[in-house]
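Visitor: Would you mind keeping the following structure in view while I ask a few things?
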Amino acid sequence: MRMAHLFGRTIREAPADAEFPSHQLMVRAAMIRPLGAGIYSLLPLGYRVIRKVEQIVREEMDAIGGQEMLMPFVHPADVWRRSGRFDAIGPEMVRLKDRGDRDMVLAMTHEEVVTDLTGTEVSSYKQLPQIIYHLQSKFRDEPRARGGLIRVREFTMKDSYSLDADEAGLDESYRQHAIAYTRIFERLGLDFIRVGADVGMMGGSASDEYMAFSPHGEDIILICPNGDYAANREVAEFQADTPEREELLPMEDVETPNAPTIQALADQLEFPLSRTAKAVFYKSGTGKFIFVVIRGDLDVNETKLRNAIRESELIPATAEEIKAIGAEPGYGSPLGVKDCLIVADQSVVRSPNLVAGANRPGWHVRNVNLGRDYEAEVVADIAAATEGARCPICGTPMQARRAIEVGNIFKLGTRYTTAMGATYLDQNGKAQPVVMGSYGIGIGRSAASVVEQNYDDRGIVWPISIAPFHVSLLTIGKDDDVRAATDQLYADLQAAGIEVLYDDRGERPGVKFNDADLIGNPVRLSISRRTLDNNEVEMKLRTEPDAELVPLDGVVGHVRGFVDRLLAELAPSA
RNA sequence: CGGGGCGUGGCGCAGUCCGGUAGCGCACCGGUAUGGGGUACCGGUGGUCGGAGGUUCGAAUCCUCUCGCCCCGACCA
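Just remember that our numbering sits 212 ahead of the position in the first sequence, which is counted from 1.
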């Protein structure tokens with residue numbers, strides 16, 4: 213590609229609203245342009261990156277027996293009603309009507325369509341197992357898009373679906389996907405980890421996420437330094453510490469003016485947070501009042517709480533609602549409250565003689581004990597793990613790291629096939645629901661995550677597997693013979709199968725060097741008066757600080773070797 | 001949706017408080033010199049000041065409504 217005719221210009225200053233490095237750099241490097249909130253055009257340079265990511269995904273999906281297909285982007289609502297998700301999913305699903313006033317939705321995922329197809333295409337155990345996939349647009353009307361390609365509303369996802377006869381088959385399909393995903397993210401050059409995750413709106417029995425490390429990640433994962441455990445904070449378990457055994461003391465009122473927060477209370481009583489019981493109030497989607505008791509030094513993990521009480525929605529309770537059950541905001545305790553579900557974190561079971569609220573302003577109660585002074589309907593681990601929480605396997609303090617979710621795999625089981633009647637006949641001629649898994653990779657998000665992990669103060673540093681081009685070729689100066697030599701090298705490199713972005717613009721050398729660094733192709737070649745007079749080409753790798761001079765007549769083979777070596781470095785480990 | 005902020009040439013901004021002919025830098029076009037890290041100078045092109053309504057002799061500026069975008073929180077690839 214000749215840069216003089218490239219559609220899209222690099223810009224010096226990033227738009228003021230771009231905050232993430234990947235967002236700023238991809239806009240500046242003429243790879244993406246916003247059209248609306250969370251809606252982007254991919255310019256030619258950016259689309260080359262995306263196509264390479266897609267190709268890697270294709271190759272690895274094909275390698276585990278995936279069959280590529282394509283399902284529609286606009287769905288009749290009916291298919292979503294059959295799965296029950298038309299009503300279950302909130303406003304993140306875009307609903308519209310066609311001219312016949314029929315309800316339609318924009319695809320936010322494709323389980324329903326796959327299940328519908330499974331019903332028509334699969335009828336015998338002999339046809340199983342199957343893995344099908346496609347690369348297709350999704351639209352999720354996110355409450356808040358952000359961060360360039362990291363979190364958008366319209367995006368391309370590789371989603372695949374496994375169809376198996378039984379759970380054992382699903383386990384194998386899941387395992388195969390795990391292998392493919394590891395290979396894909398290794399080939400992208402990502403620093404990532406696979407972690408256990410929450411099943412969320414997908415439902416099903418198991419889920420793992422592929423998380424690319426980044427300080428801008430929206431998720432926090434907890435990692436055992438011994439490699440025993442890694443999980444999303446949403447579900448991360450940890451070993452509760454075991455407080456010293458104490459005799460249960462009688463309750464005792466204590467005056468605590470101006471201590472409406474747990475920290476203020478602890479300061480006032482000169483008491484560690486871990487010796488207090490904190491009350492947290494929620495209203496569930498089904499209208500139940502949820503009274504959570506947790507030790508003062510811990511925070512509620514709402515995902516764990518939702519799972520523990522089997523509620524899909526939790527809303528913080530209002531002061532009026534809190535008073536209605538007999539509690540006092542800021543001084544709440546489970547003592548004597550009514551009309552609510554009391555949920556205790558496991559931490560309060562083990563911790564005796566806590567300070568809790570007295571349900572009247574300005575007063576707390578010492579030595580409150582679960583089981584003696586109040587009862588909890590549910591006792592579970594609902595605490596959020598934090599940095600330093602102890603590994604549930606080995607007890608070592610865990611690290612907390614931010615990460616971007618680039619892939620997610622789910623064991624769905626028969627949740628969709630049962631609801632929608634997708635069955636096959638087994639060896640005995642008996643109808644069985646097909647057992648399903650679903651597996652996603654965000655294509656643009658993966659590319660942006662690569663940028664988040666590979667940039668410097670000059671621009672993007674692409675791994676060669678998904679760089680827009682292998683080589684940036686610069687002609688320096690205006691001399692005709694320099695220009696002619698660069699033109700020739702451009703042709704020779706292309707003939708050798710090397711992808712070249714040729715900066716043939718009449719720009720100053722500094723402009724070309726800066727743009728080459730910004731765009732971030734792995735190899736930079738420059739020909740100038742000086743190098744041509746010595747029959748040399750300057751070659752510099754984007755990752756290296758220094759350039760080297762290569763004889764002009766051997767440069768194509770030399771570059772070919774570098775490109776092959778760089779590609780080989782990204783070969784999957786297994 | 002709740003809270004905060006911003007809309008002025010393609011990008012970054014000033015002007016708004018205190019109404020009086022729309023400005024600066026970059027980019028873009030023409031020219032001269034220059035030619036290995038965003039070169040200098042000269043001359044240009046380009047803007048319904050997000051939109052609608054109102055107040056006023058006069059509105060980017062004041063008022064009302066509205067649309068869009070960004071940031072912080074609850075969701076997800």
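For each residue, glycine too, the CB sits at the ideal point set by N, CA and C.
(1) Please return the same chain residues whose Cβ sits closer than 6 Å to the Cβ of LYS199, not counting the five positions on each side in sequence.
(2) When you compare only the Cα positions, how much space is there between GLY600 and ILE276?
(3) What residues in its chain sit with their C-beta under 6 Å from that of MET213, if we drop five residues either side in the sequence?
(4) DSSP state of ASN620, grouped into three classes?
(5) Are there 16 or more other CB atoms within 10 angstroms of the CB of SER253, so buried, or fewer, so exposed?
(6) Residue range of the beta strand (DSSP E) that ILE432 falls in?
(7) Taking the straight line between their C-alpha atoms, what separation do you get for VAL269 and PHE483?
(8) Are ARG816 and GLU324 close, meaning C-beta to C-beta below 9 Å?
(9) Identify every residue that forms a DSSP beta bridge with LEU526.
(10) If I follow the unbroken alpha helix (DSSP H) through GLN451, where does it start and stop?
(11) Are the region 626-642 and the region 396-411 touching, with three or more C-beta to C-beta distances below 8 Å?
(12) Are the CB atoms of GLY278 and ILE343 within a distance shorter than 9 Å?
(13) Starting from ARG245, follow its DSSP beta bridges and name the residues at the other end.
(14) In the DSSP assignment, what are the bridge partners of ARG613?
(15) What is the DSSP secondary structure of GLN644, reduced to helix, strand or coil?
(16) Quick check on DSSP: helix, strand or coil for ASN444?
(17) Can you look up MET485 in the DSSP assignment and give me helix, strand or coil?
(18) How far does the beta strand (DSSP E) with TYR714 in it reach, from first residue to last?
(19) With a threshold of 7 Å on Cβ separation, who are the neighbours of ARG741 within its own chain once the five nearest residues in sequence on each side are excluded?
(20) To the nearest angstrom, how far is it from the Cα of GLY250 to the Cα of THR473?
(21) If you measure between the beta carbons of ALA520 and TYR543, is that distance less than 9 Å?
(22) Which first and last residues belong to the alpha helix (DSSP H) in which TRP292 is found?
(23) How about ALA418 and PHE404: do their beta carbons lie closer than 9 Å?
(24) Which whole-angstrom value is the C-beta distance of VAL749 and THR743, which I expect to be below 8 Å?
(25) Along the chain, where does the beta strand (DSSP E) that runs through VAL662 open and close?
(26) Exposed or buried, which one is GLY258 when buried takes at least 16 other CB atoms within 10 Å?
(27) Applying the 10 Å Cβ sphere with the 16-neighbour rule, what's the burial state of LEU701?
(28) CB ILE512 to CB ASP453, shorter than 9 Å?
(29) Do the CB positions of ILE672 and MET238 come within less than 9 Å of each other?
(30) What does DSSP give as the partner residues of ASP369 in its beta bridges?
(31) Can you give me the Cβ contacts of VAL590 inside the same chain, cut-off strictly under 8 Å, excluding the 5 residues immediately before and after it?
(32) Compare the beta carbon distance of ILE731 and ALA241 with 9 Å and say whether it is the shorter of the two.
(33) Quick one: is GLU421 buried, meaning 16 or more other Cβ sit within 10 Å of its Cβ, or exposed?
(34) Can you tell which of GLY718, ARG670, GLN665, VAL768 has its C-alpha closest to the C-alpha of GLN706?
(35) Less than 9 Å between the beta carbons of MET273 and PHE450, yes or no?
(36) By how many angstroms is the C-alpha of ARG314 removed from the C-alpha of LEU308?
Guide: Per the coordinate set shown:
(1) Summary: the structure shown does not reach residue 199, with the chain confined to residues 213 through 786, and so no result is reported for it.
(2) Here residue 600 corresponds to residue number 388 of the first sequence, with the count starting at 1. Here residue 276 corresponds to residue number 64 of the first sequence, with the count starting at 1. Those two C-alpha atoms are separated by around 38 Å.
(3) Mapped onto the first sequence, residue 213 falls at position 1. Cβ within range, chain order: LEU713.
(4) Your numbering for residue 620 matches position 408 in the first sequence. Reduced to three states, the DSSP call for ASN620 is strand.
(5) In the first sequence, the residue the question calls residue 253 occupies position 41. Looking at its Cβ environment, which holds fewer than 16 other Cβ atoms inside 10 Å, SER253 is exposed.
(6) Taking the first residue of the first sequence as position 1, residue 432 is located at position 220. 431-435 is the extent of the beta strand (DSSP E) around ILE432.
(7) Taking the first residue of the first sequence as 1, we reach residue 269 at position 57. Taking the first residue of the first sequence as 1, we reach residue 483 at position 271. In a straight line, the C-alpha of VAL269 is about 55 Å away from that of PHE483.
(8) The chain is shown only over 213 to 786; residue 816 falls outside these bounds and no answer can be derived.
(9) In the first sequence, the residue the question calls residue 526 occupies position 314. According to the DSSP secondary-structure assignment, LEU526 is paired through a beta bridge with SER496.
(10) Translated into positions along the first sequence, residue 451 becomes position 239. Counting along the chain, no alpha helix (DSSP H) covers GLN451, and no H or E run does either.
(11) no
(12) For the purposes of this step, residue 343 is taken as residue 131 along the first sequence, with counting starting at 1. For the purposes of this step, residue 278 is taken as residue 66 along the first sequence, with counting starting at 1. Yes, these two residues count as a Cβ contact at 9 Å.
(13) Reading the first sequence from its first residue, position 33 is the one you call residue 245. Paired residues: SER253.
(14) Against the first sequence, residue 613 aligns to sequence position 401. Paired residue(s): ILE433.
(15) Residue mapping note: residue 644 aligns to position 432 of the first sequence, counting from 1. Strand.
(16) Along the first sequence, one-based indexing puts residue 444 at 232. Reduced to three states, the DSSP call for ASN444 is strand.
(17) Translated into positions along the first sequence, residue 485 becomes position 273. Looking at the sequence provided, one finds Leu at residue 485 rather than Met. Helix.
(18) Residue numbering aside, residue 714 sits at position 502 when the first sequence is read from its first letter. Per DSSP, TYR714 belongs to the beta strand (DSSP E) from 712-715.
(19) In the first sequence, residue 741 corresponds to position 529, counting from 1. Taken in chain order, the residues that qualify are GLY689, ASP691, VAL694.
(20) Walking along the first sequence from the start, residue 250 turns up at place 38. Walking along the first sequence from the start, residue 473 turns up at place 261. Between GLY250 and THR473, the C-alpha separation is close to 38 Å.
(21) Here residue 520 refers to the residue found at position 308 of the first sequence. Here residue 543 refers to the residue found at position 331 of the first sequence. No, these two residues do not count as a Cβ contact at 9 Å.
(22) For the purposes of this step, residue 292 is identified with residue 80 of the first sequence, where counting begins at 1. In the DSSP annotation of this structure, the continuous segment of the alpha helix (DSSP H) that includes TRP292 starts and ends at 289-295.
(23) Here residue 418 refers to the residue found at position 206 when the first sequence is read from its first residue. Here residue 404 refers to the residue found at position 192 when the first sequence is read from its first residue. No. Outside cutoff.
(24) As a working mapping, residue 749 is identified with position 537 in the first sequence. As a working mapping, residue 743 is identified with position 531 in the first sequence. Indeed they touch by this definition, with Cβ atoms about 6 Å apart.
(25) For the purposes of this step, residue 662 is taken as residue 450 along the first sequence, with counting starting at 1. No beta strand (DSSP E) holds VAL662; the alpha helix (DSSP H) holding it covers 655-665.
(26) As a first step, residue 258 must be located in the first sequence, where it is residue number 46. Counting the other CB atoms within 10 Å of its CB gives GLY258 a total of 16 or more, which places it among the buried residues.
(27) As a working note, residue 701 is residue 489 in the first sequence. It counts as buried.
(28) Counting from 1 along the first sequence, the entry for residue 512 is found at position 300. Counting from 1 along the first sequence, the entry for residue 453 is found at position 241. Rather than Ile, the amino acid found at residue 512 in this sequence is Val. Taking 9 Å as the Cβ cut-off, VAL512 and ASP453 do not qualify as a contacting pair.
(29) The sequence position of residue 672 within the first sequence is 460, counting from 1. The sequence position of residue 238 within the first sequence is 26, counting from 1. For ILE672 and MET238, yes; Cβs fall inside 9 Å.
(30) Sequence index remark: in the first sequence, residue 369 carries index 157 (1-based). Before going further, note that residue 369 is Met rather than Asp in the sequence given. DSSP lists GLN348, GLY654 as partners of MET369.
(31) Numbered from its first residue, the first sequence carries residue 590 at position 378. The residues are ALA520, ILE521, LEU553, ILE554, VAL555, ALA556.
(32) Sequence index remark: in the first sequence, residue 731 carries index 519 (1-based). Sequence index remark: in the first sequence, residue 241 carries index 29 (1-based). It is a contact, given that the beta carbons lie within the stated cut-off.
(33) The count along the first sequence starts at 1 and reaches residue 421 at position 209. By the 10 Å Cβ count, GLU421 comes out buried.
(34) On the first sequence, residue 706 is found 494 positions in, with the first residue counted as 1. When only C-alpha atoms are compared, the closest one is VAL768.
(35) Counting from 1 along the first sequence, the entry for residue 273 is found at position 61. Counting from 1 along the first sequence, the entry for residue 450 is found at position 238. Note that the C-beta distance between MET273 and PHE450 is not below 9 Å.
(36) Locating residue 308 in the first sequence gives position 96, where the first residue counts as 1. Locating residue 314 in the first sequence gives position 102, where the first residue counts as 1. Approximately 8 Å, taken between the alpha carbons.
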